[in-house]
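Here's the structure, in structure tokens; my notes come after.
Below, the structure is given as structure tokens:
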């Protein structure tokens, strides 16, 4: 009987082997997805109960972890919650996280691969593992000035450093307090979540980088850049009489006479001039120029962002509208700030970034962002001419409210009302010589008539406040 | 052929292993407390002392009653038992308020070890069990069918395999597996030669004669009844597997396991087609995330084991309480979470070694009853472990079986200790010397040299052999004499009978001819020993 018993023993051995193999294979194949599953309470609880690293502006923490006496042991706090909410995002138990808390979550919680050695050392010494801290590029003064100036108006302000791409300010309004979602009283957090997500003003929307709006006349800067690249000069004379869009019955009335220089047309933001100019340059040229400025690609990776859009399918009369920032052109405030930044930076578009560096809990540098060049939007000479034109807008054009004595400021106003149902959007893009900054102000409800002056009246003073804060 | 093996009483090895096991379990208990509370509870030594004391008492009884038993079986089992106790203690700490089921489990351990001791005291020689094949068969079937008795039976997750007396639940299948193993072993020892006689030939497979098929058909129907009426795939797998395997070992016909597997697969498929609860189990196995509520237990188990990773979170540092019923059904998942993949693999190997020792005893045994019984008990144990750990780790659909020795539950513990006691008695009988100055026992390498009684008529398949003397000692009896004559130089009891093939010729059908002149029917038209 021994032979069959041996065979049975072999089968038993096979069964054991299969069990062992299955455990191994499950580990190799399924473990990552199971741990990434947001319903895995063990992982989320463990993530919630961690000594998370801080998010810093300069030397101040805008998001930090303090000890707490409950089961989670650590509490996430946002000292100036509402001001920095679009940058820090929130960190909650039931609703995940957003913005930097999410994208840099692995470093903040200490579970990133770059912290592997630190975790090992903590394991050996028995210390509580601590996350890395994230240093942002923000400037506290600029951020505060932008928020104060924007006040309770719905909109966004983005300020960047033109030569590096570092984001100096990112404000969105209305904002929310992330502390309400980070609380350990989970029912309170749930109530806060419900009220925030059902609020029709959308306080959790990041209007600075994740929503696109028609840029209005600020798009004329892009058209001007295209014109300069095509051989026009600021002194080129344009036909600025009223322009009937080819093939339609729509006429764009002239507000600047029958002929002006390109520079003057930009200063007074003449729609008829730019509509005619845009059609002349052609949609492809405009699209190409806008893509050089960054349209069509997501500008920011440190937090999630959306790409600005110049429509693909566009015919001639639509091109005319697009040239004055209408039709289907839509941009994020960050993108328009990049346009201004390129003008200031000799035509070079720099990659925007929000995170300067990441440091471990013992201040060891884990990663450092180096400024990177995205594109060359215009030649340096043409950029200089563009700057000249934009200074003219502030000195003798619609952007006079942004003028600061002793500072060279160039800008462009914009008022967009795609439909006459809602109040127009007020835009203002600007750059300054010294302090070196480029910014975009976007106000979503200007509460006034649909005239070009709206951009100047509402948005330009906010830009002035930000530039002054950086002096 | 002069190589002989004398088994020694390896109680020293057993003691060392037992102390090692107790050390591991104590370490687990201490670690749990240190990780959870930073200190040991007051009177922590009481639980440890209880555990150690019970083990040492059992060891003492083993030394006294079955000194030649296999030295690894009890320590391995006690280690598993201790790990189960440690994990139940840890799970207790995770509830609010803290439960005390570990103490209860320790009490059950004491009762089970007492039962173990009782079996050792009562059962000197397992071969007495051979005498009542039909009675034990009936008893086993009745025990198996008990949950179907209305009022007594109690449905649990769609399967009806529990009975409830008062507040106390009990799974009769645990006991039934022992009784039926004994029943099959004794029946097959009587009938194996007859079963090897081919009756009809169906589809290329030789079936035994109709009159011998009877109990087999009954057993197959019983397994089917378990599947159909009790609706538990695991229990029916257990019994059907045990049955088919013992048939195969007894008759050496591969057609049995092949047929059995096909029948079981067919039965399982039909069960899946027609039973909602089987479908639930299968869908939970294949795609647990499809239904969060139904499959909550297995999903949590998966989450837990994934979070544990390779080395586990450590005793006390995981969250095994998030998995429902972590103390009984999913205790393997809790162990996987806190001890990791490595720890779970170690536990699987522990079970594997227990099975291996049991099968080793079966190989070393000389009489067919011991062989069958040891092999049957080991294999049914292996099947149970395979089914439950496979279910928890999503290798197979989950069934209602318990994790032997580890999971919470008194009845399972008592039954499994009884199984262990029986198995150890068998190993003792197998390993002990036959008489004070007895001839040495055979070593495993010589198992190809078992004596075969050859009929006078040569068969067509083999070369002719010299006719043996048909010794009366060749009929199986329930005596201490070996049923197969030992061929050894200078053996005083048996005449040297045959020229046996040398070891190293595995293809020689050395065991093909089991016919005894007493039972061989010369009128049988089928040549004996026709291999399928």
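Protein chains in written order, with the working numbering: chain V, 1 to 471; chain B, 1001 to 1532. Note that CB positions come from ideal geometry on N, CA and C, so glycine has one too.
For residue i, which residues from the same chain have a beta carbon less than 6 angstroms from its beta carbon, with the 5 sequence-adjacent residues on both sides left out?
i, result
"residue 1226 of chain B", "1235, 1236"
"residue 1368 of chain B", "1189"
"residue 1379 of chain B", "1245"
"residue 91 of chain V", "76, 97, 101, 182"
"residue 51 of chain V", "65, 74, 128, 130"
"residue 1079 of chain B", "1021"
"residue 1403 of chain B", "1331, 1332, 1388"
"residue 1088 of chain B", "1101, 1102, 1105, 1327, 1408"
So, at 8 angstroms on beta carbons, what are the nonlocal neighbours of residue i in its own chain, with the 5 sequence-adjacent residues on each side left out?
i, result
"residue 87 of chain V", "55, 62, 99, 100, 136, 138, 170, 303, 354"
"residue 1160 of chain B", "1147, 1148, 1153, 1154, 1229, 1230, 1231, 1232"
"residue 142 of chain V", "159, 168, 169, 437, 466, 469, 470"
"residue 1342 of chain B", "1310, 1311, 1312"
"residue 1438 of chain B", "Unreliable placement is indicated for residue 1438 of chain B, whose pLDDT of 49 sits below 50; the coordinate value is still reported in the next sentence. Taken in chain order, the list of residues that qualify is empty."
Should residue i be labelled buried (16 or more other beta-carbon atoms within 10 Å of its own) or exposed?
i, result
"residue 1329 of chain B", "buried"
"residue 1008 of chain B", "exposed"
"residue 208 of chain V", "buried"
"residue 1256 of chain B", "buried"
"residue 267 of chain V", "buried"
"residue 434 of chain V", "exposed"
"residue 1221 of chain B", "exposed"
"residue 1060 of chain B", "exposed"
"residue 362 of chain V", "exposed"
"residue 1274 of chain B", "exposed"
"residue 1064 of chain B", "exposed"
"residue 67 of chain V", "exposed"
"residue 172 of chain V", "buried"
"residue 995 of chain B", "Look at the range of chain B in this structure, 1001 to 1532, and you will see that residue 995 of chain B is not part of it."
What are the partner residues of residue i, as DSSP defines its beta bridges?
i, result
"residue 415 of chain V", "V:426"
"residue 1026 of chain B", "Residue 1026 of chain B pairs with nothing; no bridge assigned."
"residue 167 of chain V", "V:160"
"residue 155 of chain V", "V:173, V:443"
"residue 269 of chain V", "DSSP lists no partner for residue 269 of chain V."
"residue 261 of chain V", "V:237"
"residue 309 of chain V", "V:330"
"residue 431 of chain V", "V:410, V:438"
"residue 1170 of chain B", "B:1163"
"residue 135 of chain V", "V:56, V:357"
"residue 130 of chain V", "V:51"
"residue 1454 of chain B", "Paired residue(s): none; residue 1454 of chain B is not in a bridge."
For residue i, collect the residues of the same chain with a Cβ closer than 7 angstroms to its Cβ; drop the 5 residues on either side in sequence, then sort them by chain order.
i, result
"residue 1325 of chain B", "1297"
"residue 273 of chain V", "238, 240, 256, 260, 265"
"residue 360 of chain V", "115, 118, 132, 366"
"residue 289 of chain V", "222, 225, 226, 229"
"residue 335 of chain V", "294, 295, 299, 308"
"residue 1055 of chain B", "1018, 1022, 1078"
"residue 109 of chain V", "47, 50, 52, 131"
"residue 352 of chain V", "160, 165, 167, 299, 300, 334, 338"
Where in the stretch 1241-1279 of chain B do unbroken runs of the alpha helix (DSSP H), each at least 4 residues long, occur, reported from the N-terminal end onward?
-> 1255-1274
Within the stretch 1363-1414 of chain B, note down every full alpha helix (DSSP H) run reaching 4 residues or more, in order along the chain.
-> 1368-1392
Inside the stretch 1041-1082 of chain B only - alpha helix (DSSP H) runs reaching at least 4 residues = 1044-1065
At least 3 beta-carbon pairs within less than 8 angstroms: the stretch 216-231 of chain V vs the stretch 335-348 of chain V | yes
Could you give the uninterrupted runs of the alpha helix (DSSP H) lying entirely in the stretch 205-252 of chain V, keeping only those of 4 residues or more?
-> 219-229
Unbroken stretches of the beta strand (DSSP E), 3 residues or longer, contained in the stretch 26-103 of chain V | 55-57, 60-67, 74-77
Taking one C-beta from the stretch 147-161 of chain V and one from the stretch 1011-1026 of chain B each time, how about it: are there three or more such pairs within less than 8 angstroms?
-> no
Ignoring anything shorter than 3 residues or poking outside the stretch 1114-1164 of chain B, list the beta strand (DSSP E) runs there in chain order.
-> 1153-1156
Length at least 3, wholly inside the stretch 347-412 of chain V: the beta strand (DSSP E) runs in chain order | 348-350, 355-359, 365-368, 373-376
Fully enclosed by the stretch 1294-1346 of chain B, which alpha helix (DSSP H) runs are 4 residues long or longer?
-> 1296-1308
Are the stretch 277-286 of chain V and the stretch 317-327 of chain V touching by the rule of at least three beta carbon pairs closer than 8 angstroms?
-> yes
Is the stretch 325-335 of chain V touching the stretch 202-220 of chain V in the sense that three or more CB pairs, one from each, lie closer than 8 angstroms?
-> yes
How do the stretch 1133-1146 of chain B and the stretch 1176-1184 of chain B stand: do at least 3 beta-carbon pairs fall below 8 angstroms, yes or no?
-> yes
Are at least three pairs of beta-carbons, each pair with one atom in the stretch 187-201 of chain V and one in the stretch 1023-1034 of chain B, less than 8 angstroms apart?
-> no
Touching or not, the stretch 1102-1119 of chain B and the stretch 1038-1053 of chain B, by the rule of three or more beta carbon pairs under 8 angstroms?
-> yes
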